[in-house]
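What follows is a short report on a single structure.
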DNA sequence: TCTATTTGTTAGATTTGTCTAACAGAAATA
DNA sequence: TATTTCTGTTAGACAAATCTAACAAATAGA
Ligand SMILES: [Mn+2]
Ligand SMILES: [Mn+2]
Ligand SMILES: [Mn+2]
Ligand SMILES: [Mn+2]
C-alpha cells in the first residue's frame, strides 16, 4: 500500500489500463480481449502477463482469467486518470480531434509526474469554476487571435539588424505555420536579426543560438512583440 | 525534404536533441559530451550514433566529431521545440517546478503529434494576446479556487443514493487530494452514489464503471456540481 | 620520444517488447 | 464421441537500449 511507486514500463501500464477497461465492461478479462483492444498479437500478451504477475500486479495462472491485484488496480486507475486528464486537455482546451487526442494522451500518460498530474487536475477545477476563462477557451482560438494590440506587432522583415524581439505569433497558413513552428518559431522565443534579406536574399536570424535562413515571404509571417529584448541566451522567463 | 516523418524512437530523438544543444554552444559534438549531457555511458552512445548514421540523420565516422545532416537538424529542432512548448506549459501555466517540468517535457515530447504541437503553440499565442486570460492564469490557481458558486457545490456525502453528479473539485490537503485524483476523482468525472455511508461505514460510489469505497471523511472532500447528470456511461462531452 | 591520461570502440550480457509459426488445451459442433 | 474451431502458450527470432569490462586510439605531459 502506502507509496506504490510505479517502477513499471509504459507498456506494462498500458496492459494494466487495458485490463481495467475490459473489467469495467465485461466481468472477465482474457488474453484474447487484451490482444484485440491493444492491437497486439496474443503471443505478446502472455509474456506481458508473466511480467505483470511477477511484479504482483495481476493474478494470473495459465489459461485462466486475469484479475488485478490491489496494487495493479491502483496503477491501472492512475494511468487511466492521467489518460483522461491529458485527453481532455487536448480536446477541450486545445481543440484536437478525439482520435488524435486519445493517441497522444495514451502515449504521454506514462510520463506525467504526480505533481504535473495534480496541477492539471487543478487546472480543470479552475476552468470549471471560472466561467470567463471557460468562455475564452470555448470560443476556440483560431490561428489568428484578434488581440487588441494587433497593430503594434512588428513583422520580422521590419526588424532592425542586431536587435532582439520576442515572437508574438505566426501569421500564415497551415503549411508555412507548421514549418515555422517545427523550426522553433513559437510565441515567446527570442529572435535576433543577424542579416536582413530582400526579395531574393533570405533573412538570417538567430534563434536558440543557431542561425536560420528565412526567405522574405516566410519572414514576414513572423510577428514580433514590439518591446526590445535583452540579447541574453534563450531564456523564457523574464 | 518534404515530409520528414520521424519514424525514429524517442531515445534517438533525444540523442539528436542533445547533439543540437551541444552544437548550439560548443562548435563540436563528441561522444563524451553527449554521454555526459544525457547521463549515459559512453559505450551506449556509439551504437546510438551508428543507428542515427544508418538513418542518415548524422554524419559520423569512427572517432570523429558528429554533425547533424539536414534531416537530423530538422528532427532535432522539432524535438526541442516540442520540449520547449511542453516545458513552458508545465511551468508557465500549471506552475510546476523547472526541474520537474524539464523531466516531464523531455519524456512527453516524443509523443506530441504535429497537430497537438501546433495547437499548443496557438495556445501560447492566444495567451500572449489576451491579457485577461494571462492575468487569470498568472494569479496561479491554488487548490481551492474561489469560484462564485462555491456555496452551491454539493459534498459527496450529501448526494442522494442513485443520483449522478459531475465532480467540481476536491477540497482536501495534498495527501488526500493526491489519493483521490489518482483514483480518478477529477473535475468533470461523473459519480453515482451506490450506497451512502456513515461514521464507520464507507460510501460506495460508481466511477468509470467501477465501484469504489470512500470513508466518510474522504467522501466529504469531493465537491459536486449541483446539476443532476444522466446516468450514462462515463462520457465527458455533454 | 616515451608514457600516462583521456576518449572512443568493441565484445558480451541483459531486459523489454514485439513478431511468426507451431503446438496444446478447451469448447462447440456434428 | 469425434472433430473442428477457438484460444492460449511456447519456441525462436529480432531490434532497441542499456550496462560493464576490456581494449584501442589519440592527445598531452614529462
Ligand atoms: Mn498508454
Ligand atoms: Mn491510456
Ligand atoms: Mn526527450
Ligand atoms: Mn527534450
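Residue numbers (our numbering), protein chains in the order written: chain A, 82 to 319; chain Y, 82 to 319. Even for Gly, the Cβ is constructed at its ideal location relative to N, Cα and C.
Using only the alpha-carbon positions, how far apart do residue i and residue j sit?
| i | j | result |
| --- | --- | --- |
| residue 186/A | residue 269/Y | 17 Å |
| residue 283/Y | residue 257/Y | 15 Å |
| residue 260/A | residue 209/Y | 21 Å |
| residue 183/A | residue 139/Y | 33 Å |
| residue 308/A | residue 237/A | 13 Å |
| residue 288/A | residue 244/Y | 56 Å |
| residue 123/A | residue 98/A | 17 Å |
| residue 301/A | residue 95/A | 45 Å |
| residue 271/A | residue 121/A | 45 Å |
| residue 168/A | residue 253/A | 27 Å |
| residue 281/Y | residue 89/Y | 55 Å |
| residue 160/A | residue 106/A | 18 Å |
| residue 143/A | residue 155/A | 23 Å |
| residue 179/Y | residue 275/Y | 42 Å |
| residue 145/Y | residue 202/A | 48 Å |
| residue 134/Y | residue 151/Y | 12 Å |
| residue 129/A | residue 108/A | 21 Å |
| residue 147/Y | residue 101/Y | 10 Å |
| residue 213/A | residue 206/Y | 18 Å |
| residue 255/Y | residue 310/Y | 28 Å |
| residue 141/A | residue 173/A | 38 Å |
| residue 292/Y | residue 292/A | 57 Å |
Excluding sequence positions up to five away, which residues of its chain have a Cβ less than 7 Å from the Cβ of residue i?
| i | result |
| --- | --- |
| residue 249/Y | 234, 268, 304, 305, 306 |
| residue 132/Y | 93 |
| residue 171/A | 177, 182, 185, 186 |
| residue 91/Y | 191 |
| residue 188/A | none |
| residue 240/Y | 246, 274, 305 |
| residue 198/Y | 163, 166 |
Considering only heavy atoms of ligand 2, does any lie closer than 6 Å to the CB of residue i?
| i | result |
| --- | --- |
| residue 164/A | yes |
| residue 187/A | yes |
| residue 294/A | no |
| residue 190/A | yes |
| residue 98/A | yes |
Would you say the beta carbon of residue i is closer than 6 Å to some non-hydrogen atom of ligand 3?
| i | result |
| --- | --- |
| residue 184/Y | no |
| residue 95/Y | yes |
Enumerate in chain order the residues of its own chain whose CB-to-CB distance from residue i is below 6 Å, with the five nearest sequence positions on each side excluded.
| i | result |
| --- | --- |
| residue 103/A | 110, 114 |
| residue 294/Y | 283, 285 |
| residue 278/A | 284, 297 |
| residue 204/A | none |
| residue 118/Y | 99 |
| residue 126/Y | 112, 115, 116 |
| residue 221/A | 176 |
| residue 242/A | 274, 277 |
Closer than 8 Å by C-beta to residue i: which residues in its own chain qualify, once you throw out the five before and the five after it? Chain order, please.
| i | result |
| --- | --- |
| residue 226/Y | For residue 226/Y, the predicted structure reports a pLDDT of 49, less than 50, and the residue's modelled location is therefore unreliable. A value from the coordinates is still provided. Correct list, in chain order: 250. |
| residue 215/Y | 208, 209 |
| residue 299/A | 253, 257, 260, 261 |
| residue 137/Y | 150, 152, 153 |
Am I right that residue i and residue j are in contact with their C-beta atoms under 8 Å? What's the rounded C-beta distance?
| i | j | result |
| --- | --- | --- |
| residue 323/Y | residue 177/A | Shown here, chain Y extends from 82 to 319; a query on residue 323/Y therefore has no answer. |
| residue 265/Y | residue 162/A | 5 Å |
| residue 175/Y | residue 200/A | 4 Å |
| residue 263/A | residue 158/Y | 7 Å |
| residue 194/Y | residue 217/A | That belief does not hold up - the Cβ atoms of residue 194/Y and residue 217/A are roughly 24 Å apart, past 8 Å. |
Which parts of the stretch 86 to 135 of chain Y are runs of the alpha helix (DSSP H), unbroken and 4 residues or longer, counting only runs that do not cross its ends? 91 to 106, 112 to 119, 123 to 135
To test your reading of the DSSP string, which unbroken alpha helix (DSSP H) runs of 4 or more residues are found completely within the stretch 186 to 262 of chain Y? 195 to 210, 212 to 219
Taking only runs that begin and end inside the stretch 273 to 316 of chain A, name each unbroken beta strand (DSSP E) of 3 or more residues, in chain order. 284 to 288, 291 to 295, 303 to 305
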